[in-house]
Amino acid sequence: MTSTDQQPFLSVRDLKVHFSTEDGIVKAVDGLSFDIARGQTLGIVGESGSGKSVTNLTILGLHDPARTRIDGEILLDGQELLTASERTLEKLRGNKMSMIFQDALASLSPYHTIGTQIAEVYRKHTGASKKEARARAIEMLTRVGIPQPDVRVDDYPHQFSGGMRQRAMIAMALVCDPELLIADEPTTALDVTVQAQIMDLLKDLQQEFGTAIIFITHDLGVIADIADDVLVMYGGRCVERGTKKQVLGNPQHPYTLGLLNSMPALDGPVDVPLSPIPGSPPSLLNPPTGCRFHPRCAFAEKVAGGKCSSAQPVLEVIDGRGSACHLETSQRDALFADYAATAGHN
Amino acid sequence: MFRFLVRRALGALVILLIISAVTFWLFYAIPRDPATMSCGKNCTPDMLEQIRKNLGIDHPVPVQYWDWLKGVFVGRDYAGFGHCDAPCFGYSFANREPVLGTILDRLPLTLSLAFGSAVVFLIFGIGTGMIAAVKQGKWQDKVASSASLVASSLQIYFVGYVAMYFLVAKLGILDNPSYTPLTENPAEWASGLLLPWLVLALIWTANYTRMTRSQLVETLSEDYVRTARAKGMSSRNVFFRFAWRGAMGPIVTIFGIDLATLIGGAMITEYTFSLQGVGRLAVDSVEKSDLPMLLGVTLLAAGAIVIFNIAVDAVYALIDPRIRLA
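What follows is the structure in structure tokens.
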């Protein structure tokens, strides 16, 4: 093993992903850093277009190299991924790191049986025989809770229900016991009971194999359930990070606060209206000056000298905890308490 | 699969019956008398009557059609030709030859033209289409796309004559188009048809290049292709087993229809290269008001379309497991 104890299992440093389009350069990810240790789950939260999915596709090297410019560093177990050859990445994908996609129906090939699709990953990375790989596929289907796995292994994805497809997708992602699993909104398209089962399944598998998981979602409820650490993204940048307890219990960034307030609280009074964040996500083609959140921020005018619209706040992280906001800490606590009170939460 | 084939075969039969009836009716919709045409100058009413009897057209049109149908299914007796076993498609009004025999004589040439050029245009069309899709936006794509646009607007009678002038007459690289049966001499069969194959392929390749490219560009951005990459499949594997598998369906469909068109509609090609195939036969039979021959070639063309459509549906079900044959 090349990693030392000090070195995190996955380390992303100052990642920038820029696409060139006909209208100009889209800064999908603009200076993102984070670490994950083995057996830990990092939840990445953010609106559509905040750069969550792009970040993770970049880790796997699934971006279109012709249209994408990437800067920064991604180290997986000490190995640099951004400069790695396609051949090296092929050996890692599906093996050491794998990904569960959101829409299992579109993400599974309609032309191959579930069994084939699981078995081919195993064969590719372990060199197992067809028979062994098939047995392994059945074993995986059993583990993710597909009934009659020895029969269903020969079914096509369209013969599976939505929840079963997502399970099959998980079986496929886990067939080589990956050390890093990226789950991109794996439960968004599923109904709540199935969602809970899938989450339990992921937690069990993590305990069993010590897999590091990146869990991408826009659902804070899911984050509360599964994550150890949370990273909140806005406009291609990290605006706040910390442990789940810190971020959800004591948000330090107005955007995180806004996200929390736009969710109904089960223990709160029922007649309190939800308070969504006004405005819409920023254009990544032409992002706002200064803090990217300032046009939608309830506290922008509370900062002296119009700093919010002129200077980009710096994310200062101490012991894995930090937020990128111009508000003074003392000022912030008072303002946030008022805000929460008016919104009906406390 | 068996039920599918039986059902579709019955449907095909109904279609062919309707087409034969319509052809019959259309033929007689213009007032004309095939007997007068074949009787010649010094024609007496007695001779005319005799010719009608011999050709089996001495009855009203519906009765004639019924007789023709009977001939196809159980055989019939002609006053002029004696007994004709089923399937009997009659005798040519123009040269008194049996229709079926004449078509079967001409068919190998037409099939050779169609399948030979299909092999060439499939290989080149799909090949360049794949390159264009993989090199999307790069110079290879631009060259392939603009060349195929030019090639698809060319016409066979133009390219055919130009090619014959330069490649055969001027440079002598290729042989003058001619037909030798494959079973007789494979080398001569190929060299005699090489020029028509290439000319046909040049024009048809363009369509397949464009179709392959656009289908692949679509499937390459499918989620399941991305998943295949995320699993660590090699790029070659991703391309052929996933992207190409998804792109094949529509190409197979168009190919089935195109092949039927090549077999049933080879008139211009055969005229351009002075080849005596079924297409030529079709034009001649119209010119000579040769009803039995016309019916024969019409049914051949229609039959080709019907059969290839059934084949396409069956192949499609093999490619895409979501499609069930019923």
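Line order of the protein sequences matches chains A and B.
Quick note on full-length UniProt numbering: the first sequence kicks off at 1 and runs consecutively.
Quick note on full-length UniProt numbering: the second sequence kicks off at 1 and runs consecutively.
We put the CB at the ideal spot given by N, CA and C, even for glycine.
The C-beta separation of H18(A) from V26(A) comes to about 7 Å, placing the pair in contact by the 8 Å criterion.
Interface flag for K124(A) against chain B is set, since a Cβ pair is found closer than 7 Å.
Exclusion of the five residues before and after Q331(A) leaves K302 as the residues of its chain whose Cβ lies within less than 8 Å of its Cβ. In this structure, L82(A) sits near I70(A), with a CB-CB distance shorter than 7 Å.
Per DSSP, the continuous alpha helix (DSSP H) segment holding M248(B) begins and ends at W244 to G264. When secondary structure is reduced to three states using DSSP, G242(A) falls in the strand class.
A contact between stretches requires three or more CB pairs, one per stretch, nearer than 8 Å, and the segment 206-215 of chain A meets this requirement with the segment 28-46 of chain A.
Taking one beta carbon from each stretch, the segment 310-324 of chain B and the segment 104-113 of chain A have 3 or more pairs nearer than 8 Å; the two touch. As summarised for the segment 175-246 of chain A, the continuous alpha helix (DSSP H) elements at least 4 residues long and confined to that stretch are 192-209 and 220-226, given in chain order. Counted as a single uninterrupted DSSP element, the stretch harbouring M1(B) is not any beta strand (DSSP E), since DSSP gives it neither H nor E. Under the criterion of beta carbons closer than 8 Å, D150(A) and I138(A) qualify as touching, at roughly 5 Å. At least one beta carbon of chain A lies nearer than 7 Å to the beta carbon of R322(B).
Taken in chain order, the unbroken stretches of beta strand (DSSP E) that lie wholly in the segment 60-137 of chain B and span 3 residues or more are 76-78 and 82-84. G127(A) does not reach chain B, its nearest Cβ partner there being about 13 Å away, counting only Cβ pairs nearer than 8 Å.
Listed along the chain, the chain B residues whose CB falls inside 9 Å of the CB of V194(A) amount to none; the nearest CB is some 20 Å away. Residue Q166(A) holds the alpha-carbon nearest to the alpha-carbon of Q195(A) among E208(A), H218(A), I182(A) and Q166(A). Take the alpha-carbon of V74(B) and the one of A9(B): they are about 19 Å apart. Contact annotation: in the segment 159-171 of chain A, no residue has its CB less than 7 Å from a CB in chain B. Rounded to the nearest whole angstrom, the CA to CA distance from C308(A) to A324(A) is 11 Å. Each residue's CA atom was taken as its position, placing V314(A) and Q206(A) some 34 Å apart. Taking each of I36(A), A28(A), R292(A) and G24(A) in turn and checking the Cα distance to L231(A), the smallest one comes out for I36(A).
In this chain, the beta strand (DSSP E) harbouring K27(A) covers G24 to I36. Taking each of E188(B), V225(B), E49(B) and V238(B) in turn and checking the Cα distance to S178(B), the smallest one comes out for E188(B). Within the segment 21-60 of chain B, complete beta strand (DSSP E) segments of at least 3 residues are not found at all. Within chain B, the C-beta atoms nearer than 9 Å to that of E90(A) come from R229, G232, M233, S234 and S235, in chain order. Taking a contact as a CB-CB distance under 8 Å, the pair L32(A) and R237(A) counts as one, their CB atoms being some 7 Å apart. Straight-line measurement puts the Cα of G80(B) at about 22 Å from the Cα of F27(B). Per DSSP, L285(A) lies in no alpha helix (DSSP H) and is assigned neither H nor E. For the set E179(A), P281(A) and P186(A), the Cα lying nearest the Cα of A168(A) is the one of P186(A). Looking only at F115(B), M267(B) and G232(B), the smallest Cα-Cα distance to T126(A) is reached by G232(B). With fewer than 16 other Cβ atoms inside 10 Å of its own Cβ, G82(B) counts as exposed. Closest option to V121(A), judged by alpha-carbon separation, among T142(A), E208(A), A106(A) and K96(A): K96(A).
In the three-state DSSP reduction, Q79(A) falls in the strand class (E or B).
Neighbours of R245(B) across chain A, judged by C-beta separation under 7 Å: Y111.
Boundaries of the beta strand (DSSP E) around K16(A): L10 to T21. In the DSSP assignment, T41(A) falls outside any alpha helix (DSSP H) and within the unbroken beta strand (DSSP E) covering T41 to V45.
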